[in-house]
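S.K.: Residue numbers (the UniProt record's numbering): 1 to 523. We put the CB at the ideal spot given by N, CA and C, even for glycine. My structure is below; once you've seen it, I'll send some questions.
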């Protein structure tokens, strides 16, 4: 007897499953509030070198003081990282003159002055993470995703070993603790460490929510469940824009995005452990209790399967046997799935976070850009729901990622003020496709791995994905080599990794595999 057959007896998608999905979806809103926070937390407002002894220029306006103290870019704007070693008073007579001798230009010597019209404070203004320190600013996101990477390995293993729900609650508790410590940071080092630990804790929430929900629903509603869960990521995306717009001080912004995790701890107590996992690990009495609860809530009062009968549910896990990440590579089909899905996850995360963290240059302010990016994800996910059921998971995954890469490089061809509208359309469409790729890969991967290894598989692929997420913000620094190099890099990675998806098996309308043999005998 398969678990899907048992689900049909207790109601494969009734009131019980709907409530579970709704509660898990609410918890998922927390994720983008932190995963995409870097754009606001580390935003760099316009700035210029601090000018010493300004009181000596009492007869000059601020514009004139800047004119004699700060060199200009070719477009007429003042440079952000350089100043004149001595005031250039002759520029007052002819501001179009350019200094003939670069030796009079030096790096900022007295700090920076920031435009606070948009942000009260960010970590950039707090610790002067600009110019030579720009890399540290981008590294803040990398530190966070390093934590997510480590957490994927840890929580992937622990949730297969000790259960989905207990690790989910542990993830949220530590997310609250480290999130609040991040808000209280008094140095860049403290922030880097606490953001890394926050990422590690939130990785458990990211990893467990979708598989836990899907392990309670039948085959027919599996796609719907995956897409619905993903839509709440987009809602969190839009809420981040609203929160960042209302809270312009970085300490309180961190408090605002961490607070909802505390609420999640309260309402997630109701969610039961995965009955699939309990049966696979021999805990049939607990599984029986949850299954009875499910049957009663779904109106299936005739369900009367005994705990002993649950032992006949087929899995190929032997009593006392445990699995690890090494198990993902021991057998031929699983090895191929793991290598290919790892490559796909890297490309999906690399391109998604690359596009998500670039919120300027589209003719919209960054809050509106973030909000629009969130809105466009919802129709993208509706399209995913149709496509994965029509053309299958494999084709949807491959083409959504390949097209994301192509649109990424297309942005480089629409530079310039005259192409701002076209650039906005291309960016928004690319963002929608990148989210379609992310939605598909979560659903697809959870269907590829067997129950006894599902969280290990999700942990491994999430680990690889977070490597992509960690590298994505650093790619922006390549614009110093060539302006279009970041977009070209995102394109190349997305197209290559999307092509790898064609090597994975199709899972449309296929039962969730319970054991390793279920996977191996499919090919």
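1. Per DSSP, residue 112 forms a beta bridge with which residues?
2. Could one say the Cβ of residue 298 lies closer than 7 Å to chain C's Cβ atoms, at least one of them?
3. Consult DSSP for residue 169 and reduce its assignment to one of helix, strand or coil.
4. Determine the direct distance from the alpha carbon of residue 218 to that of residue 8, and round the result to whole angstroms.
5. Rounded to the nearest angstrom, what separates residue 174 and residue 199 at their Cα positions?
6. If we require 4 or more residues per run, which alpha helix (DSSP H) segments fall completely within the segment 471 to 505?
7. I'd like to know if the segment 181 to 190 and the segment 146 to 157 are in contact, where contact means that at least 3 CB-CB pairs between them fall below 8 Å.
8. Can you check whether the CB of residue 454 is closer than 7 Å to the CB of residue 211?
9. Would residue 452 pass as a contact of residue 280 if the rule is Cβ separation under 7 Å?
10. With DSSP run on the structure shown, which of helix, strand or coil describes residue 121?
11. On a Cα-Cα basis, can you pick out the residue from 49, 482, 44, 92 that is closest to residue 61?
12. Within this structure, are the beta carbons of residue 340 and residue 503 separated by less than 7 Å?
13. What do you reckon, are the CB atoms on residue 401 and residue 469 nearer than 7 Å?
14. Out of curiosity, what's the CA-to-CA distance linking residue 316 and residue 163?
15. With DSSP as the reference, label residue 10 as helix, strand or coil.
16. Using the C-alpha atoms, what's the distance from residue 449 back to residue 308?
17. Should residue 428 go down as buried or exposed, given a rule of 16 or more other Cβ atoms within 10 Å for buried?
18. Among 178, 86, 189, which has the Cα closest to the Cα of residue 197?
19. How long is the line joining the alpha carbons of residue 506 and residue 12, rounded to whole angstroms?
20. What three-state label does DSSP hand residue 391 in the structure shown?
21. Please determine if the segment 131 to 142 and the segment 34 to 49 are in contact, where contact requires at least 3 C-beta pairs separated by less than 8 Å.
22. Once the 5 residues before and after residue 464 are set aside, which same chain residues still bring their CB inside 6 Å of it?
23. Drop a sphere of 10 angstroms on the beta-carbon of residue 411, count the other beta-carbons inside from all chains shown, and report buried for 16 or more, exposed for fewer.
24. So what does DSSP say about residue 316, is it helix, strand or coil?
25. So for residue 249, helix, strand or coil by DSSP?
26. Output the distance between the C-alpha atoms of residue 482 and residue 326, rounded to the nearest integer angstrom.
27. Which whole-angstrom value is the C-beta distance of residue 89 and residue 70, which I expect to be below 8 Å?
28. Can you tell me whether DSSP reads residue 237 as helix, strand or coil?
29. Just to confirm, does residue 385 get its C-beta within under 6 Å of one of the non-hydrogen atoms of the ligand GDP?
30. Terminal residues of the continuous beta strand (DSSP E) containing residue 107?
31. By the three-class DSSP mapping on this structure, what secondary structure does residue 73 have?
32. What residue range does the beta strand (DSSP E) around residue 84 cover?
33. Considering only residues of the same chain and omitting the five flanking positions on each side of residue 512, which have a CB-CB separation below 6 Å?
34. Should residue 479 be labelled buried (16 or more other beta-carbon atoms within 10 Å of its own) or exposed?
35. Look at the alpha carbon of residue 377 and the alpha carbon of residue 105, and state the distance between them as a whole number of angstroms.
36. List the whole-angstrom C-beta distance separating residue 245 from residue 367, where the pair is believed to meet the contact cut-off of C-beta under 8 Å.
M.R.: In terms of the structure at hand:
1. Here residue 112 refers to the residue found at position 112 when the chain shown is read from its first residue. According to DSSP, which records beta bridges pairwise, residue 112 is partnered with 49.
2. Among the chains in the structure shown there is no chain C, since it carries only a single protein chain.
3. Residue mapping note: residue 169 aligns to position 169 of the chain shown, counting from 1. Helix at residue 169.
4. As a first step, residue 8 must be located in the chain shown, where it is residue number 8. As a first step, residue 218 must be located in the chain shown, where it is residue number 218. Cα-Cα distance, rounded: 7 Å.
5. Translated into positions along the chain shown, residue 174 becomes position 174. Translated into positions along the chain shown, residue 199 becomes position 199. Each residue's Cα considered, the two are about 10 Å apart.
6. 485 to 500
7. no
8. In the chain shown, residue 211 corresponds to position 211, counting from 1. In the chain shown, residue 454 corresponds to position 454, counting from 1. Yes; because the gap between Cβ atoms is below 7 Å, this pair is in contact.
9. Residue 452 sits at position 452 when you count from the first residue of the chain shown. Residue 280 sits at position 280 when you count from the first residue of the chain shown. Closer than 7 Å, so yes.
10. Along the chain shown, read from residue 1 onward, the residue named residue 121 stands at position 121. Residue 121: strand per DSSP, three-state reduction.
11. Residue 61 sits at position 61 when you count from the first residue of the chain shown. Of the listed residues, the one whose Cα sits closest to residue 61 is 92.
12. The residue you call residue 340 lines up with position 340 of the chain shown. The residue you call residue 503 lines up with position 503 of the chain shown. Cβ atoms of residue 340 and residue 503: closer than 7 Å.
13. Position 401 of the chain shown holds residue 401. Position 469 of the chain shown holds residue 469. No. Outside cutoff.
14. Here residue 316 refers to the residue found at position 316 of the chain shown. Here residue 163 refers to the residue found at position 163 of the chain shown. Because the pLDDT at residue 316 is just 48, under 50, the model does not fix this residue reliably, and the value given afterwards should be weighed accordingly. About 18 Å.
15. Sequence index remark: in the chain shown, residue 10 carries index 10 (1-based). If DSSP states are grouped into helix, strand and coil, residue 10 belongs with the helices.
16. On the chain shown, position 308 is the one that residue 308 refers to. On the chain shown, position 449 is the one that residue 449 refers to. Their backbone Cα atoms lie some 26 Å apart in a straight line.
17. Stepping through the chain shown from its first residue, residue 428 is reached at position 428. Buried, because 16 or more other Cβ atoms sit within 10 Å of the Cβ of residue 428.
18. The sequence position of residue 197 within the chain shown is 197, counting from 1. Cα-wise, what sits closest to residue 197 is 178.
19. The residue you call residue 506 lines up with position 506 of the chain shown. The residue you call residue 12 lines up with position 12 of the chain shown. If I take the Cα positions, the gap works out to 22 Å.
20. The residue given as residue 391 occupies position 391 in the chain shown. Coil at residue 391, not helix or strand.
21. yes
22. Position 464 of the chain shown holds residue 464. Correct list, in chain order: 342, 345, 346.
23. In the chain shown, the residue the question calls residue 411 occupies position 411. When all chains shown are included, residue 411 counts as buried.
24. Residue 316 sits at position 316 when you count from the first residue of the chain shown. With a pLDDT of 48 at residue 316, under the threshold of 50, the predicted position of this residue should be treated as unreliable, though the coordinate-derived value follows. Coil.
25. Numbered from 1 along the chain shown, position 249 holds the residue referred to as residue 249. The answer is strand: DSSP assigns residue 249 an E or B state.
26. As a working note, residue 482 is residue 482 in the chain shown. As a working note, residue 326 is residue 326 in the chain shown. Residue 482 and residue 326: Cα-Cα distance of roughly 41 Å.
27. For the purposes of this step, residue 89 is identified with residue 89 of the chain shown, where counting begins at 1. For the purposes of this step, residue 70 is identified with residue 70 of the chain shown, where counting begins at 1. That pair is no contact at about 14 Å.
28. For this step, residue 237 is matched to residue 237 along the chain shown. The answer is helix: DSSP assigns residue 237 an H, G or I state.
29. Absent from the structure shown: the ligand GDP. Ligands present: none.
30. Within the chain shown, residue 107 is the residue found at index 107, counting from 1. Unbroken beta strand (DSSP E) run through residue 107: 105 to 107.
31. For the purposes of this step, residue 73 is taken as residue 73 along the chain shown, with counting starting at 1. Note: residue 73 maps to coil in three-state DSSP.
32. The residue you call residue 84 lines up with position 84 of the chain shown. Here the beta strand (DSSP E) through residue 84 covers 82 to 84.
33. In the chain shown, counting from the first residue as 1, residue 512 sits at position 512. Excluding residues within five positions, none has a Cβ falling inside 6 Å.
34. Start at 1 with the first residue of the chain shown, and residue 479 comes out as number 479. Result: exposed.
35. Taking the chain shown and counting its residues from 1, one reaches residue 377 at position 377. Taking the chain shown and counting its residues from 1, one reaches residue 105 at position 105. Residue 377 and residue 105: Cα-Cα distance of roughly 46 Å.
36. Position 245 of the chain shown holds residue 245. Position 367 of the chain shown holds residue 367. Contact flag correct, Cβ pair sits at about 4 Å.
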